[in-house]
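This report refers to the structure that appears directly beneath it.
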Amino acid sequence: LLPLSNFAFNLDVENPSVYSGPEGSYFGYAVDFYFASVVIGAPKANTRQVNVIEGGSVFYCPWSLSQSDCHTIEFDTAGDRTVLLNDTEHQADFKSHQWFGATVRSHGDTILACAPLYSWRTEQDVPRSDATGTCYLSVQNFTRFVEYAPCRSGNQISDPLGQGYCQGGFSADFTMDGKVVLGGPGSYFWQGQVISAQKEDIIKAYYPGYFMQAVEGQIQTKQLDAKHDDSYRGYSIAVGEFSGDQEEVATTDINSDGMTDLLVGAPMLMVRSSDGRLEEMGRVYVYLQRGPLDLEPRLPHLTGTQVFGRFGSTIAPLGDLNLDGFNDVAISSPFGGEDRQGLVYIYNGYSDGLREKPSQVITGQWAAGRIPASFGFALRGAKDLDMNGYPDLIVGAFGVNKAVLYRSRPIVNTTASLTVYPTMINPEEKNCVVTSGNDFQVEVRLDSLKHKQKGAVKRALFLDSQLPSLQRSVRVRHGERVCNHTKIYLKDEKDFRDKLSPIFVALNFSLDPKAAADSHSLRPILNYQTASVIEQKAQILLDCGEDNICVPDLKLSVHGDRKEVYLGDDNSLTLTFNARNEGEGGAYESELYVVLPPEADYSGIARNNESLTQLTCTYVNENQTRYLSCDLGNPMKAGTNLWAGLRFKVPRLKDTHKTVQFELQIRSKNENNSHSEAVSYKLEVVVQADVILQGVSRPDKVFFPAANWKATRSYAVEQDVGPAVEHIYELLNNGPSRLGDTVLELRCPLSLQGHALLYPLEFSTKGPINCTADRNMNHRNLKVRSLLVTPMVGPHPPPAPSLSTPPRTLAPTASCSNVECWTLQCNVGLLEKGTTAILNVRSRIWAETFTERPYKQYVLECLARYSVKSMPYEILPRTLPSGHKKVVTPVVWNKPDIENSVPLWIIILAILAGLLLLALLIYVLYRFGFFKRSLPYGTAMEKAQLKPQAASEA
Numbered sequence: 001l002l003p004l005s006n007f008a009f010n011l012d013v014e015n016p017s018v019y020s021g022p023e024g025s026y027f028g029y030a031v032d033f034y035f036a037s038v039v040i041g042a043p044k045a046n047t048r049q050v051n052v053i054e055g056g057s058v059f060y061c062p063w064s065l066s067q068s069d070c071h072t073i074e075f076d077t078a079g080d081r082t083v084l085l086n087d088t089e090h091q092a093d094f095k096s097h098q099w100f101g102a103t104v105r106s107h108g109d110t111i112l113a114c115a116p117l118y119s120w121r122t123e124q125d126v127p128r129s130d131a132t133g134t135c136y137l138s139v140q141n142f143t144r145f146v147e148y149a150p151c152r153s154g155n156q157i158s159d160p161l162g163q164g165y166c167q168g169g170f171s172a173d174f175t176m177d178g179k180v181v182l183g184g185p186g187s188y189f190w191q192g193q194v195i196s197a198q199k200e201d202i203i204k205a206y207y208p209g210y211f212m213q214a215v216e217g218q219i220q221t222k223q224l225d226a227k228h229d230d231s232y233r234g235y236s237i238a239v240g241e242f243s244g245d246q247e248e249v250a251t252t253d254i255n256s257d258g259m260t261d262l263l264v265g266a267p268m269l270m271v272r273s274s275d276g277r278l279e280e281m282g283r284v285y286v287y288l289q290r291g292p293l294d295l296e297p298r299l300p301h302l303t304g305t306q307v308f309g310r311f312g313s314t315i316a317p318l319g320d321l322n323l324d325g326f327n328d329v330a331i332s333s334p335f336g337g338e339d340r341q342g343l344v345y346i347y348n349g350y351s352d353g354l355r356e357k358p359s360q361v362i363t364g365q366w367a368a369g370r371i372p373a374s375f376g377f378a379l380r381g382a383k384d385l386d387m388n389g390y391p392d393l394i395v396g397a398f399g400v401n402k403a404v405l406y407r408s409r410p411i412v413n414t415t416a417s418l419t420v421y422p423t424m425i426n427p428e429e430k431n432c433v434v435t436s437g438n439d440f441q442v443e444v445r446l447d448s449l450k451h452k453q454k455g456a457v458k459r460a461l462f463l464d465s466q467l468p469s470l471q472r473s474v475r476v477r478h479g480e481r482v483c484n485h486t487k488i489y490l491k492d493e494k495d496f497r498d499k500l501s502p503i504f505v506a507l508n509f510s511l512d513p514k515a516a517a518d519s520h521s522l523r524p525i526l527n528y529q530t531a532s533v534i535e536q537k538a539q540i541l542l543d544c545g546e547d548n549i550c551v552p553d554l555k556l557s558v559h560g561d562r563k564e565v566y567l568g569d570d571n572s573l574t575l576t577f578n579a580r581n582e583g584e585g586g587a588y589e590s591e592l593y594v595v596l597p598p599e600a601d602y603s604g605i606a607r608n609n610e611s612l613t614q615l616t617c618t619y620v621n622e623n624q625t626r627y628l629s630c631d632l633g634n635p636m637k638a639g640t641n642l643w644a645g646l647r648f649k650v651p652r653l654k655d656t657h658k659t660v661q662f663e664l665q666i667r668s669k670n671e672n673n674s675h676s677e678a679v680s681y682k683l684e685v686v687v688q689a690d691v692i693l694q695g696v697s698r699p700d701k702v703f704f705p706a707a708n709w710k711a712t713r714s715y716a717v718e719q720d721v722g723p724a725v726e727h728i729y730e731l732l733n734n735g736p737s738r739l740g741d742t743v744l745e746l747r748c749p750l751s752l753q754g755h756a757l758l759y760p761l762e763f764s765t766k767g768p769i770n771c772t773a774d775r776n777m778n779h780r781n782l783k784v785r786s787l788l789v790t791p792m793v794g795p796h797p798p799p800a801p802s803l804s805t806p807p808r809t810l811a812p813t814a815s816c817s818n819v820e821c822w823t824l825q826c827n828v829g830l831l832e833k834g835t836t837a838i839l840n841v842r843s844r845i846w847a848e849t850f851t852e853r854p855y856k857q858y859v860l861e862c863l864a865r866y867s868v869k870s871m872p873y874e875i876l877p878r879t880l881p882s883g884h885k886k887v888v889t890p891v892v893w894n895k896p897d898i899e900n901s902v903p904l905w906i907i908i909l910a911i912l913a914g915l916l917l918l919a920l921l922i923y924v925l926y927r928f929g930f931f932k933r934s935l936p937y938g939t940a941m942e943k944a945q946l947k948p949q950a951a952s953e954a
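Below, the structure written as structure tokens:
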């Protein structure tokens, strides 16, 4: 409801008249009109009264466009009064903190102002006083002031049995004929009472200096049974005609049937909210008077919308604000709104009572302070202060010492019409014109001709402005009719997609905000009930027959390249779909709509097949729904049959859901038969892991006789036993799912017929594996050289050792089927995909056994078995992985066989043959002169010839 305050109907909230009082005076606690001025109560104001603190005051604030200042009305200038008792003066009353001005009412030239906390001394011997309350009347335009205190009776003692706590004037009002009605909620153990007297009788009975207690003709309610205690009668008073005899009791005629109706506020009413809690919302009950004292409740009652806002604290008749023949009402919520600055709601009357929604909500314009602004705590209306023919409203805000006058603006009622031609637009005809016309009966401004259409692309534009809106100012005199024409053109159909929905043309008109104000400086406003927006539409001609209605028949089938997805995997998926239109007309703005499950992501269009149509798809994440929209044509013509593929990944699987489901549908914007049937493609969520158990022997063979081994009677170190051998086992989870608890069992031969085969020394592990042997390792306590493997850190172990394949045909074999074995039992914990658990077992082969019982080949065989007991998912796997691995260590005797040695005579014969061959070779070389050597300088004669020359040179 609050946004209604933005357009401010009908009270002018933009230009209010604000009256201010002394700080801390509670100026604005009570308000009323007085001729062309207002009177405002300030019950905590200080006055000129001697020795009186915060006695309270009433201010007279004349209204004018220049907004003159307020001044105090001097109802009472005297301080506390005394009486003479037994020749001694005693204080008779106490005016400090009496809250004078808490109630202010006017009638003609008379103003009534009350001080409900005024105290009167009720006992002579004991200085005790009671809050009886008192009131003053200003008559004859402030020329005379009269006190009226009917609860100040002299024979009452100071207790709640009588009127001692009456607080007369807590509420007050005038009847139409000028009778004063006071409420005193504290009388008779707070049963309360109502007292009434004619103002003429009060004025006549008053005598200065005399403590008047009652007047002639005064009537009042009497004390009732004790069951009526704490009723607070007189807490609030309003007057009206209910008995049919022209005598008043309550408020205003809201349904214009000639009978006064009653409105009752319950500002602290508790209302149960949607979650079942009680919240203080406040309510106003409306009773329509159908006959004398025949009050009919009007349902539904008006309920506040602000928690702790005190809706209904004050109700004020406003008269007929909008001149529709029905009286209107203001209802306050003084602690409502943002920062509890206060709200005032304006409700219009009509033939059935009050309308359920306010026509205006006025917001207090002051920020919250130490004391709430309490805007709306005091309301007064039904008075035309500026004489412009419309009643005004004054609102008090005592928390900020303000009172605000809101004047009503003149209201304009108007009618308009809009015609569009032609209503069917053919895109093929380039001369098509859309014409709009409008008729007005009052001076208005044609604010805009707005063309409403979906999306960012505008299909039609106004020819004059080349824009989707057009603004014009038109002056229309009272009683005249004005008709305007304008043209609208349709853009090329390649520039927009929407061909089905109508093109709306809207006429939105308002009063010209630049028009001159009237003689009262107010601008008129349109009646908020006037339809200021009128719409008409035109349609685009389609290729759908004479009726221009396309009826497609959309069919969709879907296939996928997998039926299962695995927990722990990315799970690539391709969905191939076939889309068809088997109807008689095209499907406009057709699209494949794919709702993605939370577990899936869109990867792209399938492009591995030339027969598939390459689509344009848009991924959208909207309101926690992720979907894919793929364009199938605009239109998707009748007879269309296409295949296309979409790629997805499904990585975010949860074991709480056993299936993953894609929802697919062809959607179009056609009015008839626009969608295909929705198709679901469901994938089963499966738990599966590929487990590999590998094993290797190091060395892969052991040769005898063993090098560097000597038999001994005493075994001190591990080398005394024989050659070393290590078996390494690796349990690898290839995924995709994780492994839970797994049992790994290793069995290796120990002895055969009392002869020891293997001597187990120690084992080590890497990864989430814990092992226990069935007997002590290294039971002889030999000195060992430890080669334990450091436990694995993190989920990614180092590469496993390369594993060799043992000989296929080996005999005899020492396996646990024919020899005594020892066992290693291991528990493997959680294994993520790609992680391993490694077991390393180190042993020694008993050389003594194999030396005494030599074999050409002998095989030691260890058997490892694994069994997965559980997987960490709520979904159970179809089968739990299990398997085994044999690791063998062949023992090979390396001593040469005598049968295979070369005979001695063959060796001697080979040597003699070699010598004979060498002698033959030497003889042949000799025969060829190989062994004759030549001189380096020729013959002896040549030497002789060289000597003389050599001498001469010398």
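Heads up: the sequence shown is residues 1 to 954, going by the UniProt record's numbering.
By construction, the Cβ of each residue, glycine as well, lies at the ideal position given by its N, Cα and C atoms.
Looking at the backbone, the Cα of Asp631 and that of His675 are separated by about 14 Å.
By the criterion of a C-beta distance shorter than 8 Å, Ala149 is surrounded in its chain by Tyr118, Trp120, Thr132, Gly133, Thr134, Cys135, Gly168, Phe211, Met212, Gln213, once the five residues flanking it on both sides are discounted. For Arg626, the pairing in a beta bridge is given by DSSP as Asn621. With a 10 Å radius around the Cβ and a threshold of 16 neighbouring Cβ atoms, Arg81 comes out exposed.
Residue burial is scored here from C-beta neighbours: Cys70 has at least 16 other C-beta atoms within 10 angstroms and is therefore classed as buried.
Between Gly929 and Pro903, the alpha-carbon positions lie close to 41 Å from each other. Spanning the alpha carbons of His107 and Leu137 requires a straight line of approximately 10 Å. By the 16-neighbour rule on beta-carbons within 10 angstroms, Trp905 is exposed.
When the Cα atoms are used, Lys658 and Asn827 turn out to be separated by approximately 29 Å. Secondary structure at Thr530: coil, using DSSP grouped into helix, strand and coil. Looking at the DSSP output, Ile692 shares a beta bridge with Leu732. The Cβ atoms of Pro760 and Val819 do not sit closer than 8 Å to each other. With contact defined as three or more Cβ pairs closer than 8 Å, the region 41-49 and the region 414-428 are not in contact. Going by beta carbons, Asp230 and Glu216 fall outside the 8 Å limit. Using a Cβ distance threshold of 8 Å, Pro552 and Ser668 count as a contacting pair. Rounded to the nearest angstrom, the Cβ distance from Gln198 to Gln220 is 14 Å, too far for a contact under 8 Å.
DSSP, read as helix, strand or coil, puts Asp173 in strand. Where Ser57 is concerned, the enclosing beta strand (DSSP E) starts and stops at 57-62. Residue pairing by DSSP places Gln665 opposite Tyr593 in a beta bridge. Under the DSSP assignment, Lys199 falls in the alpha helix (DSSP H) whose first and last residues are 199-205. Under the DSSP assignment, Gly291 falls in the beta strand (DSSP E) whose first and last residues are 283-291.
Judged by beta-carbon spacing, Pro391 lies beyond the 8 Å limit of Lys402, meaning their Cβ atoms are not closer than that value. From the listed residues Lys514, Lys499, Gln140, Tyr421, the smallest Cα separation to His485 is found for Tyr421. In the structure shown, Phe335 falls within a coil segment according to DSSP collapsed to helix, strand and coil.
DSSP places Gly265 in the uninterrupted beta strand (DSSP E) bounded by 262-266. In the three-state reduction of the DSSP assignment, Arg340 falls in the helix class, which pools H, G and I. The alpha-carbon of Val83 is positioned some 40 Å away from that of Thr314. Per DSSP, the continuous alpha helix (DSSP H) segment holding Phe850 begins and ends at 847-852. With respect to the C-alpha of Met259, the residue from Trp643, Glu296, Leu917 having the closest C-alpha is Glu296. According to the DSSP secondary-structure assignment, Tyr602 is paired through a beta bridge with Phe648. For Phe189, the enclosing alpha helix (DSSP H) has its first and last residue at 187-190. Apart from sequence neighbours up to five positions away, the residues of its chain that approach Leu224 with a beta-carbon distance below 7 Å are Gln191, ordered along the chain. By the criterion of a C-beta distance shorter than 8 Å, Gly79 is surrounded in its chain by Gln49, Val50, Asn51, Val52, Lys95, once the five residues flanking it on both sides are discounted.
Going by beta carbons, Glu671 and Leu500 fall inside the 8 Å limit.
Under DSSP, the beta-bridge partners assigned to Ala378 are Gly396. The alpha carbon of Val696 has as its nearest neighbour, out of Thr889, Glu584, Ile549, Leu683, the alpha carbon of Thr889.
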